[in-house]
Amino acid sequence: MISLPSIDGNVKIYESSNSLVFRGRRKQDNTPVVLKVLKEDYPTKAELVRYKQEYEITRSLDLEGVIKVYSQQDYHRTLVIILEDFGGESLQKLMQESVGKYCPMPLPEFLQVAIKITDALGNIHAANVIHKDINPGNIVLNPETGILKIIDFGIATQLSRSHSTLKNPNVLEGTLAYISPEQTGRMNRSLDYRTDFYSLGATFYEMLTHKLPFETTDVMELVHCHIAKQPIPPHEVNSEIPQVVSAIAMKLLAKNAEERYQSAWGIKADLEECLVQLQRSGTITEFSLAHKDISDKFQIPQKLYGREAEVETLLTAFERVAQRGEFPSDHSSVEMMLVSGYSGIGKSVLVQEVYKPMTKHRGYFISGKFDQFQRNIPYSGVVNAFSDLVQQLLTETESCLIQWREKLLAALGINAQVIIDVIPKVELIIGKQPPVPELSPTESQNRFHIVFQHFISVFTKPEHPLVVFLDDLQWADAATLKLIKLLMTTPGSKYLFLIGSYRDNEVSAAHLLRLTIDEIQQSGGIVNNIFLSPLNLPSVNELISDTFKCPPKRTIPLSELVLSKTDGNPFFINEFLKSLYAEKLIEFDREQLCWQWNLDQILFANLTDNVVELMALKIQKLSATSQRSLQIAAAIGHQFDLQILASSRGKSQRETALDLHEAMVEGLVLPLGDAYKEIELDVSSAADELTIEYKFSHDRIQQAAYSLIPEEERQVVHWQVGQLLLQNTPQEMREAKIFDIINQLNFGIELTTIVNPPIQWDELASLNLMAGKKAQATVAFELAFKYLKIGIKLLRKDSWETHYKLTLALYVELTEATYLCGDFEQVEKLVKLVLQQAKTLLDQVKIYEVKLRACMQKRHTQETMKTAFSVLKLLGIYFPNKSSKLNTLLKLLLTNLALTGKRIEDLNNLPQMTDPYKLAAMRILDRATSAVYFAAPSLYPLIVLKQVNLSIKYGNAPESAYAYVGYGVILCGVLEDIDSGYQFGQLALNLLKRLNYQKHKTRILQVMSTSIRHWKEHLRETVKFMHESYQIGLETGDLEHAYYSLNTYCFNSYFSGKELTVLEREMTIHMNLIRQIKQGGSLLTNNLYQQVIWNLMNLAENPCCLVGKFYESGEMLPTFIKENNKFYVYYLYIHQAYLSYLFGHYQEAAKNVVEAEKYLNGVVGSMAVPIFYFYDSLAHLAVYTSAQISEHKRLLKRVANNQKKMKKWAHHAQGQRVSNPIDKRTDLSGNRV
């Protein structure tokens, strides 16, 4: 019940999910009225917008076939619309309650009602309104008087052409059973008045058959039916329906608007002919439909001309991706399609043809665009694309949303914030996430790439393949191109179709895009190309002939003129034709009912043959305020925010939205979503809280608008936009918006006309520092370099004195970015400069740490050691160039002394280290560890012992856990104190858990399982920990140790007796993974192990030599010896010894174990040590009988000493034994080796 003082007797007559409808009488004149009120006490803004729009549009239509509206009033917290009551009921209600009389409707009644509906709809279209929701519920009929009226203009539009975006079917505008294919947003076309004809056809179909054209209850299936399936013709459903009446409904239901009726007049004429025949003879004979269907509307067809082959290529590629993943034997089911051509050639329109098959496969289509004015924003196009996907997901049902949340959290794990930092809207689905551990830049890059792969894998499934379209790749940043390469070359990826478009005239052979594509193809990625040429004369003539509905022969002269002016560019052709119509050089002749033009007049008009000039002229016909808004918007970017634009214009958002409305009507800009209506209709009370965005409908329009800004003003515009962004962004939000802010300010950096700018150059430098650090955090290293370089250019000459902290931070970050970009020569210069200027030792340490990372990036282990030791010397810590056994023993005794009276497990409870100098020393020592382990293993114990002693004395640091596990390796592998070594390994794990030091977890697990755990536990037990170590390494970006874990997994699996064929398949997978991220050391180790297995399976020419498909020992050994890389030299010799022994070449086996022994200190603590002693004994026993008698005693003593060690180790590892892999395996032919 609704209570209004001016209305009597309110009786509810209808209730929907959103509205209540009542009948009553107006007190002042006893006029019957209908009251329509929003159902909820607190309606949403969208509902209020819809009501206000319904009122405004209905009020503007004073037409016989449209319901009249009297007023709109506020009612409590909602709105009520007061409409006329002419005693009607909706067709929907009549059809439900009067089956037989109205459903199916007898033919005479149907024709009479259909004519009235068509007549009313034609009048609505003549008033330049598209209803967008024609269905039986919105058609009201008074059965007694025969009066019929159309109601509910809540989603109607007064734009001549409306762009329907790709949305979740659950939130599509209109009634899903009746909406047109183009209204689904999946037909690659905007919608115009003809969308109502499709809905009218669905309504006629139901009136005639008592059935809907498509009766599925599955939402996505229904959308697919609308765009791809044909309904059963009405006369086949009900044989009493004449075929011609059936044909009228089917013509209205055509998928393409061009194939439907083009005017309500044409529909009405055919319906009237049917009624006349029926009344005259009682039957309806067939006749030619649409004979009088002549439209005076200027409407360029939206179908693609001259692109049949290209469309086929694109759709075939999509089908391959959507289906190939089902068959594991096939190639990768990830493909990239590059569409190239000039601006305006139709690249985006072609790509959108994939909408239809994508809907069939229930896939997702997302798109992002790169902007010439936003090149310095990392991943801008990718962010746009996946933000679009998030918006699609947010409109799904609550249960579906919960499932997406669970899938994303499971895939992203502890690193969900990594994705949120790049695509903030993901937080709307998964909620706030804990911060991720801070890692080195290289580890951050690894982590980001792996997490992004996990993220995208959530959406690339057989039940919903993913299509990602990235437009204007010629403007993509380097970080995006690296990401594209990763997505295209990652083994195991499926159901991803990546489409990129670019202007081929702007991409040379040396362009980064071209180089990236070459790298993808060289890595085995599938990249196909479509090049779009200008349209030829037949295609242009077909387009013009279809536009003006006349024979192709008549339009040839006009087509030739248009082709000469536009060079066959589709966008230019369309705009040129529009300009001819706007200038009345082409007009509809109402007497002859056809389109007319005069070629001489067109030639005399001297229209420009430059598309940007043409669009600029079109813009200049707008009001001055609308022009200025478009100019500022063009400077902001292809896509722009209303609030930013309004601030830049010094206007309110509503004023600015109304300025843009004029450009929207002309099709120059498009709103993204419906939020703009809240501003235009003045619904929102908190406009500043709304995010209202628009985009230019084409690059050329943005370019034209920007060209209208006088050149001398352009920097001023960018500068002002940047200042306003800065001023209107709260401090706590500044980092999130930094790219938008700094991008505009940097465009205006060279501005010399600014006097006393609101921000000083040092603040601008500071903002560039913030942008550089954020770019680096998102692994966009090239962009970080650019921002930091600009920041340094802004500094004063005396900035080291006046702004020391800012200057130091900029130079340190720039040095980091420089090495990450691969310019190591420049790194040296920057390090030298900073060291000269740094005021404190700790500041020097900062730049030294960057240098150490750069050295390790280059794998210059000697230089790393030298630099680390020189820094440690500054910190009061000294190391010899070489370590003697005596020195090592002394340090071990001092460490043992420091531990006196302390239980190993109690070290877990030491306080945290706080001394900044000792913390710096721990970091430098940690950096030195890897280099020392490979290049100078004898110094490794000294590094570890120093870290342990610093931890005991000053407390635990983040690096202490790794020091403890290293000490455990020394105790197990050098001192053979296996129990204590195992306890130190457990201490490291417990400390990790207590302090949550995720950064070092992979290293510690890897070392623990490689060099400690096997002394106490069965070798097979270590294998499962290697998988854990690998997975955590992927999460934390520590790929180096993650892949070392895979190496250890293979080695330990092999020696614990795993089947060779199974292991070889696993190693092939590992090889592809390792090669993908270019972990050279791990790849060498994996290849060595794989060659060993290849030899054992009798697949190598010489089974005793590591030479073959995967490894060339003759090439590798000299390099390893030269580099003093004891680790690789040892593994090469021990495996050759092992193979020689197994294949009966005992002399070679003995020689190889002797050589391996020289490098045994390169594998301290690992399982390779007992392996050595085991095969050393076997090899020397095998040569015993052929050795000289004088050698017998020495050989037996050697074996006895080996066995003594083995017996001692066996005591600690109950149940552990070395498995001889050959005992259980045969070669591929089935024979024993």
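So that you can map any letter, position 1200 of the sequence shown is 1200 in the UniProt record's numbering, and since no number is skipped, the others follow by simple counting. Virtual Cβ for every residue (Gly too), placed ideally from N, Cα, C.
Take residue i and list the residues in its own chain whose beta-carbon comes closer than 8 Å to its own, dropping the five residues that flank it on each side.
i	result
Leu769	Tyr787, Leu788, Gly791, Leu806, Ala809, Leu810, Glu813
Thr753	Any reading at Thr753 is ruled out, since the residue's pLDDT is 45, under 50, leaving its predicted position unreliable.
I'd like the list of long-range same chain contacts for residue i, defined as Cβ closer than 7 Å, with 5 residues on each side in sequence excluded.
i	result
Ser329	Residue placement at Ser329 is flagged as unreliable, the pLDDT there being 40, under the threshold of 50; a coordinate-derived value is accordingly withheld.
Val458	Lys407, Leu408, Ala411
Asn743	Gln374, Asn376, Ile377
His454	Ala411, Leu412
Phe327	Only weak support is given to the placement of Phe327: the predicted model assigns it a pLDDT of 47, under 50, and the question is left unresolved by the model.
Ala1156	Tyr1130, Tyr1133, Ile1134, Ala1137, Phe1172
Leu645	Ser629, Ile632, Ala633, Ile636, Thr656
As a quick exercise: from the options, pick the residue whose alpha carbon is nearest that of residue i.
i	options	result
Gly981	Leu992, Asp74, His1014, Pro710	His1014
Leu890	Asn30, Lys946, Tyr1054	Lys946
Ile709	Ser629, Lys1204, Lys695, Gln639	Ser629
residue 1257	Ala322, Leu338, Thr1085	Nothing can be reported for residue 1257: it is not among the residues displayed for the chain, which extend from 1 to 1233.
Ala784	Ala777, Thr778, Glu109, Gly772	Gly772
Glu1021	Tyr379, Phe1055, Ala114	Phe1055
Tyr342	Tyr964, Phe370, Pro534	Pro534
Glu905	Ala961, Lys347, Lys68, Leu537	Ala961
Lys793	Gln352, Leu764, Leu820, Ala416	Leu764
Arg853	Thr442, Ile147, Pro233	Thr442
Ala616	Lys695, Gly201, Gln702, Leu585	Gln702
Ser564	Thr489, Asn541, Asp296, Leu111	Asn541
Ser1166	Val1183, Ala1179, Glu1191, Trp1209	Trp1209
Pro5	Ser380, Arg26, Ser16, Ile13	Arg26
My output table needs one value for residue i: the three-state DSSP class, helix, strand or coil.
i	result
Ser16	coil
Pro1103	coil
Pro328	Confidence at Pro328 is low in this model, with a pLDDT of 45, below 50, so the placement of that residue is unreliable and no value is reported for it.
Met856	helix
Ser71	strand
Ser60	helix
Gln983	helix
Cys594	strand
Ser340	strand
Val321	helix
Asn528	strand
Glu40	coil
Gly9	strand
Gly492	coil
Thr1226	In this predicted model, Thr1226 has a pLDDT of only 31, less than 50, meaning its place in the structure is not dependable enough to derive any value.
Quick one: measure Cβ to Cβ for residue i and residue j, integer angstroms, because I've assumed they're closer than 8 Å.
i	j	result
Val716	Ile636	Wrong, their Cβ atoms sit about 14 Å apart, outside the cutoff.
Arg503	Val612	In fact, because the Cβ distance is near 14 Å, the residues do not count as touching under 8 Å.
Val354	Phe370	With 8 Å as the limit, Val354 and Phe370 do not qualify as a contact, their Cβ atoms being about 20 Å apart.
Val669	Ser697	6 Å
Ala322	Pro491	Not a contact, Cβ separation roughly 20 Å.
Leu141	Glu89	7 Å
Glu54	Ile82	Glu54 to Ile82, Cβ: 12 Å. No contact.
Gly174	Asp218	Not a contact, Cβ separation roughly 18 Å.
Report all residues from its chain with a CB closer than 6 Å to the CB of residue i; omit the five preceding and five following residues, and keep chain order.
i	result
Asp546	Pro301
Met1026	Ser1009, Ser1045, Thr1048, Tyr1049
Met187	Pro181, Ile227
Arg189	Glu182, Gln302
Met856	Thr864
Complete alpha helix (DSSP H) runs within the stretch 1021–1100 (minimum length 4 residues, chain order):
1039–1055, 1060–1076, 1080–1096
Could I get the ranges of all uninterrupted alpha helix (DSSP H) runs contained in the stretch 343–417, with 4 residues as the minimum, in chain order?
347–351, 355–360, 380–394, 398–412
In chain order, what are the residue ranges of uninterrupted alpha helix (DSSP H) at least 4 long that sit wholly in the stretch 1119–1149?
1126–1142
Within the stretch 727–815, note down every full beta strand (DSSP E) run reaching 3 residues or more, in order along the chain.
none
Considering only residues of the stretch 422–486, which uninterrupted beta strand (DSSP E) runs meet the minimum length of 3 residues and lie entirely inside it, listed in chain order?
466–471
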